[in-house]
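K.L.:
Pasting a structure below so you can have a look.
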Amino acid sequence: MEEQVELNKRADENRPNMNDYEETCNSFTWEQAASELSGFSNGIGLNLAYEAVDRHARGERKNQVALRWLGMNEEEKEYTYAQLKEQTDRFANVLKELGVEMGDVVCTLTGRIPELYIAALGTLKYGGVYCPLFSIYGPEPIFQRLHKGKAKVLVTTRELFDNKVAGLLDRLEHLDYILLTDETDVKNRFIWPLSPLMENVGSSYEMDPTHPEEPALLHFTSGTTGMPKGVLHVHQAALTHYMTGKYVLDFHPGDVFWCTADPGWVTGTSYGILSPLMHGIKNLVVEAEFDATLWYQILEKEKVNIWYTAPTAIRRLMRLNIDVQSEYDLSSLRLIHSVGEPLNPEAVLWSQKTLGLPIHDNWWQTETGGIMIANYASMPIKPGSMGKPLPGIEAAVVEVTGNEGADRKIQVITQPGVTGELALKTGWPSMFRTYLDDEDRYNKCFAGDWYLTGDLATRDEDGYYWFVGRADDIIKTAGHMVGPFEVENAIMEHPAVAEVAVIGKPDPMMGEMVKAFVMLKESAKPGEELLMELKGFVRKKLGPAVAPKEIEFMDELPKTRSGKIMRRLLRDQEVEKLHAKTKIDGEL
Ligand code: AMP
Numbered sequence: 000m001e002e003q004v005e006l007n008k009r010a011d012e013n014r015p016n017m018n019d020y021e022e023t024c025n026s027f028t029w030e031q032a033a034s035e036l037s038g039f040s041n042g043i044g045l046n047l048a049y050e051a052v053d054r055h056a057r058g059e060r061k062n063q064v065a066l067r068w069l070g071m072n073e074e075e076k077e078y079t080y081a082q083l084k085e086q087t088d089r090f091a092n093v094l095k096e097l098g099v100e101m102g103d104v105v106c107t108l109t110g111r112i113p114e115l116y117i118a119a120l121g122t123l124k125y126g127g128v129y130c131p132l133f134s135i136y137g138p139e140p141i142f143q144r145l146h147k148g149k150a151k152v153l154v155t156t157r158e159l160f161d162n163k164v165a166g167l168l169d170r171l172e173h174l175d176y177i178l179l180t181d182e183t184d185v186k187n188r189f190i191w192p193l194s195p196l197m198e199n200v201g202s203s204y205e206m207d208p209t210h211p212e213e214p215a216l217l218h219f220t221s222g223t224t225g226m227p228k229g230v231l232h233v234h235q236a237a238l239t240h241y242m243t244g245k246y247v248l249d250f251h252p253g254d255v256f257w258c259t260a261d262p263g264w265v266t267g268t269s270y271g272i273l274s275p276l277m278h279g280i281k282n283l284v285v286e287a288e289f290d291a292t293l294w295y296q297i298l299e300k301e302k303v304n305i306w307y308t309a310p311t312a313i314r315r316l317m318r319l320n321i322d323v324q325s326e327y328d329l330s331s332l333r334l335i336h337s338v339g340e341p342l343n344p345e346a347v348l349w350s351q352k353t354l355g356l357p358i359h360d361n362w363w364q365t366e367t368g369g370i371m372i373a374n375y376a377s378m379p380i381k382p383g384s385m386g387k388p389l390p391g392i393e394a395a396v397v398e399v400t401g402n403e404g405a406d407r408k409i410q411v412i413t414q415p416g417v418t419g420e421l422a423l424k425t426g427w428p429s430m431f432r433t434y435l436d437d438e439d440r441y442n443k444c445f446a447g448d449w450y451l452t453g454d455l456a457t458r459d460e461d462g463y464y465w466f467v468g469r470a471d472d473i474i475k476t477a478g479h480m481v482g483p484f485e486v487e488n489a490i491m492e493h494p495a496v497a498e499v500a501v502i503g504k505p506d507p508m509m510g511e512m513v514k515a516f517v518m519l520k521e522s523a524k525p526g527e528e529l530l531m532e533l534k535g536f537v538r539k540k541l542g543p544a545v546a547p548k549e550i551e552f553m554d555e556l557p558k559t560r561s562g563k564i565m566r567r568l569l570r571d572q573e574v575e576k577l578h579a580k581t582k583i584d585g586e587l
């Protein structure tokens, strides 16, 4: 009997934060959301780091674990909210000591190590702009981002510095300091070891009040044309991070949360750092990359309650024949979420069968700063659907007519099942405020008071949204955006290349794989040797996450009359080839 009461109590505590979707949407206001945060009432204004760390460090949760880090080689580290406050205060004092100014950009280029989390939060409380860089990038994408972001400070490791940054220093005129996380005694004008700096500054930092519209986060994302775009967010984004933690990820006091995203991407910041800490729960950080056995062991041993991962990882788990429920005790797991790419209905069904829980898909993008459409804990899941808009968010499927600018018109498609562009009514707190130094490109994303996402979708009669595809040529490989132009530029630098087109070829594991079609100069000899040389050349420049996995030599590239390369046609041909192969395989 007692056991029954205990079970009921637990079930009660874990009841979804949102009971009724419609009712919550009807009564929701962002003002109410703001009142659940505490900076305003404490004279701090709205600062992401204050809401994520300081407010808990000053309250009842100060001795609870904020970050639990599982390093390679079985290393472990934990920081309570009070300890995380001290570390991030120290980092803010380091920035002050170095003469960094408010609004300056501080980048990290590291894997999942505690210093990244401390630098991110310390930068935000100092009033700097935090910008994560993906550690798998090669030197060229790193240069582009540091240069475009006019980064003043870079936090990185000795190895990453030596391999990827050292050769760029002459071209990085804005960069003043490189702080190495794993050195203790080097020092020159540029390079400082981080730990002695941290030790030699004060352990507490007095924050200046932060205006909600002050710049806070800079994330680079890829476009179809031009180099990467710097997406700028402000501290106001805290409201979305907080509300999505409450209603989508469904955080409850005492939860253990694990977000597997790389911290170099937006999910790694919004949900790998900020949202769980804003809710005062334990944020698990695992340094190692994907490994099915390790992941299941972590879910079991760490008693993870909420797990946020991505279709690429799920597909890899699905491929393995592991009897998860009899080999692991995943009884702590309450919710599984996925983002970044379409989540096939089979994955939701596989998860229900294999893990005992369905996967809740949700949709958002770098520009939206936080989750916008989701499958909520209290709502029936339609496998294959992204779910419904967050309370406070108005979404629509629209038809866009006319050219960019004043004569562009938006027609909301009300008929269910009709494909159009997914649009969001402007004005949500984490809406990006600009593309760095590219106001024109920013303006082109809007029509009237709608933000056009660049994704195609449909809406069904129950209000669920279904992803159809991208409206442009951006490649999504293993959950990461890759702009074809950036890859084409790097390939063009090889002396044998005359022309190139880069596409995303459908791939069962990675979603899409980067593939390049190359037209050689007449003087060049096509063949295996040149192919290997070209692959190595691009890989060295761009890094393995961005460089093409396949390169095909072509005599001619398909072009429009005006001379534009028709990437779409090349992609369609790849899709056809794939279908033909599946058909033959099926018949055999
Ligand atoms: P990023 O800005 O790198 O986060 O990529 C955002 C893009 O990823 C979106 O515009 C979509 O094209 C895609 N995406 C994100 N989440 C989903 C999802 N749940 N289903 C389908 N596509 C998604």
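Residues in the sequence shown are numbered consecutively from 0, following my numbering.
All C-beta atoms, glycine included, are put in the ideal place defined by N, C-alpha and C.
1) Reducing DSSP to helix, strand and coil, say where residue 130 ends up.
2) Looking at residue 343 and the ligand AMP, is the gap between the Cβ and the nearest heavy atom below 7 Å?
3) Pick helix, strand or coil for residue 13, following the three-state DSSP scheme.
4) So, at 7 Å on beta carbons, what are the nonlocal neighbours of residue 481 in its own chain, with the 5 sequence-adjacent residues on each side left out?
5) Below 8 Å CB to CB, which residues in the same chain sit around residue 71 once its five sequence neighbours on both sides are set aside?
6) Going by alpha carbons, who is nearest to residue 459 out of 412, 271, 36?
7) For the alpha helix (DSSP H) that residue 300 lies in, which residues bound it at each end?
8) How many Å lie between residue 104 and residue 189 at the Cα?
9) Output the distance between the C-alpha atoms of residue 485 and residue 261, rounded to the nearest integer angstrom.
10) Can we count residue 340 as close to the ligand AMP, meaning its CB is less than 7 Å from some heavy atom?
11) DSSP three-state call for residue 463: helix, strand or coil?
12) Look at residue 234 and residue 442 and say whether their C-beta atoms are less than 8 Å apart.
13) Flag residue 576 as yes when its Cβ comes closer than 7 Å to any non-hydrogen atom of the ligand AMP, and as no otherwise.
14) Residue range of the alpha helix (DSSP H) that residue 230 falls in?
15) Rounded to the nearest angstrom, what separates residue 149 and residue 219 at their Cα positions?
16) Could you tell me which whole beta strand (DSSP E) segments of length 3 or greater appear in the region 344-428?
17) Less than 7 Å between C-beta atoms, sequence neighbours within five positions excluded: which residues of the same chain meet that for residue 269?
18) Residue 379: buried (16+ other C-beta within 10 angstroms of its C-beta) or exposed?
19) Would you kindly check if the distance between the Cβ of residue 277 and the Cβ of residue 50 is under 8 Å?
20) Quick one: what does DSSP say residue 281 is sitting in, helix, strand or coil?
21) For the structure I just gave you, are there three or more beta carbon pairs, one from the region 176-193 and one from the region 134-141, closer than 8 Å?
22) Please work out which residues of its chain come closer than 8 Å, Cβ to Cβ, to residue 1, disregarding the five sequence neighbours upstream and downstream, and give them in chain order.
23) In chain order, which beta strand (DSSP E) runs of at least 3 residues are fully inside the region 137-165?
P.N.:
On the basis of the data shown:
1) strand
2) no
3) coil
4) 221, 474, 513, 545
5) Taking C-beta separations shorter than 8 Å and ignoring five residues to either side along the sequence, the partners of residue 71 in its chain run 286, 287, following chain order.
6) 412
7) 291-300
8) 16 Å
9) 21 Å
10) yes
11) coil
12) no
13) no
14) Per DSSP, residue 230 belongs to no alpha helix (DSSP H); it is in the beta strand (DSSP E), 228-233.
15) Taking the straight line joining both Cα atoms gives about 13 Å.
16) 358-362, 394-400, 408-411, 419-424
17) 240, 368, 369
18) exposed
19) Yes; because the gap between Cβ atoms is below 8 Å, this pair is in contact.
20) strand
21) Judged by Cβ distances under 8 Å, the region 176-193 makes no contact with the region 134-141, as fewer than three pairs qualify.
22) Model confidence at residue 1 stands at a pLDDT of 40, short of 50, so the residue's coordinates are unreliable; what they give is reported in the following sentence. Within the same chain, residue 1 has no close Cβ partners at all.
23) With a minimum length of 3 residues, the continuous beta strand (DSSP E) runs that stay inside the region 137-165 are 152-155.
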